[in-house]
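1015 is the number of the first residue of the sequence shown in the numbering used here; add one for each residue after it. Read through the structure below, which is laid out as structure tokens, and then see the notes.
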Amino acid sequence: MAEVFSGYGWEVPRMVAAMRDSDDLFFDVVSQIHMPRWSTGRVALVGDAAYAPSFFSGQGSSLALVGAYVLAGELAAHARHDDAFAGYERTLRSFAERNQALAGEGSAGVSPRTAEDLARRNKALRDPAAVLNSAGRETHSALALPGYDGSGAPDAP
Ligand SMILES: Cc1cc2nc3c(=O)[nH]c(=O)nc-3n(C[C@H](O)[C@H](O)[C@H](O)COP(=O)(O)OP(=O)(O)OC[C@H]3O[C@@H](n4cnc5c(N)ncnc54)[C@H](O)[C@@H]3O)c2cc1C
1015 MAEVFSGYGW
1025 EVPRMVAAMR
1035 DSDDLFFDVV
1045 SQIHMPRWST
1055 GRVALVGDAA
1065 YAPSFFSGQG
1075 SSLALVGAYV
1085 LAGELAAHAR
1095 HDDAFAGYER
1105 TLRSFAERNQ
1115 ALAGEGSAGV
1125 SPRTAEDLAR
1135 RNKALRDPAA
1145 VLNSAGRETH
1155 SALALPGYDG
1165 SGAPDAP
């Protein structure tokens, strides 16, 4: 990090120095998880392990919670675990993939690379109320959760 950021101005030298003194530095690559299938045998993946979207898109916590809900509901609704796993993936896969696809546009806000993106990001940070009061992206609520009423079959969404 020190090598890559050597010669930079602003607060960068102070941040690099602080990194050297930190005992809990977090440093990682930004990545997504795309699995061809989410289960095998009696094992099923949920959350980041199956469909991590990265913080460029957000929604990682929401996908993990929704995934756990749908997986539990499908297991309760089906006698056979492989039917439940198939129902879980059928219900959730396109929602997870649509949210993962938001990462492309999200990276401009979190990690701006052009002057225009930087100006747009700074404007949003100066007026967080506008962001908080915005309706949110349609993709975030593109899944109507099944009800799973305990009768053995999922309710209609
Ligand atoms: C920097 C950053 C910022 C983020 N910002 C947002 C955000 O603003 N909004 C959002 O929705 N999401 C955000 N996310 C993503 C979000 O944190 C994850 O998508 C979410 O936590 C996934 O939940 P999970 O339960 O699938 O996995 P995790 O929360 O990673 O839980 C997995 C757990 O398993 C444990 N574990 C691992 N291996 C083993 C083992 N062998 N035995 C026992 N336990 C084990 C781990 O310690 C961990 O507690 C962010 C992530 C990062 C890294």
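Glycine included, every Cβ here is placed at the ideal spot set by N, Cα and C.
Is DSSP giving residue i helix, strand or coil here?
| i | result |
| --- | --- |
| SER1075 | helix |
| VAL1057 | strand |
| HIS1175 | Past the boundaries of the shown model lies residue 1175; the chain is included only from 1015 to 1171, so the question cannot be answered. |
| PRO1027 | helix |
| SER1108 | helix |
Can you tell which of the options has its C-alpha closest to the C-alpha of residue i?
| i | options | result |
| --- | --- | --- |
| ARG1104 | GLY1081, ARG1028 and PRO1126 | GLY1081 |
| ALA1086 | SER1075, ASP1096 and TYR1102 | TYR1102 |
| ARG1056 | GLU1119, ASP1097 and ARG1140 | ASP1097 |
| GLY1120 | ASP1042, ALA1110, PRO1067 and ALA1129 | PRO1067 |
| SER1053 | TRP1024, ALA1100 and GLY1021 | ALA1100 |
Tell me whether residue i counts as near ligand 1, meaning its Cβ is closer than 7 Å to at least one heavy atom of that ligand.
| i | result |
| --- | --- |
| PHE1069 | yes |
| ALA1066 | yes |
| ASP1062 | yes |
| SER1184 | Missing from the structure shown is residue 1184; the chain here goes from 1015 to 1171 and no further. |
With residue i and residue j assumed to form a contact (beta carbons below 8 Å), what rounded beta-carbon distance in angstroms separates them?
| i | j | result |
| --- | --- | --- |
| ILE1047 | ASP1062 | 6 Å |
| ALA1117 | LEU1077 | About 12 Å; that fails the 8 Å criterion. |
| MET1015 | VAL1030 | 6 Å |
Point to revise | Cβ contact check for the region 1127 to 1139 and the region 1148 to 1158: 3 or more pairs under 8 Å | key: no
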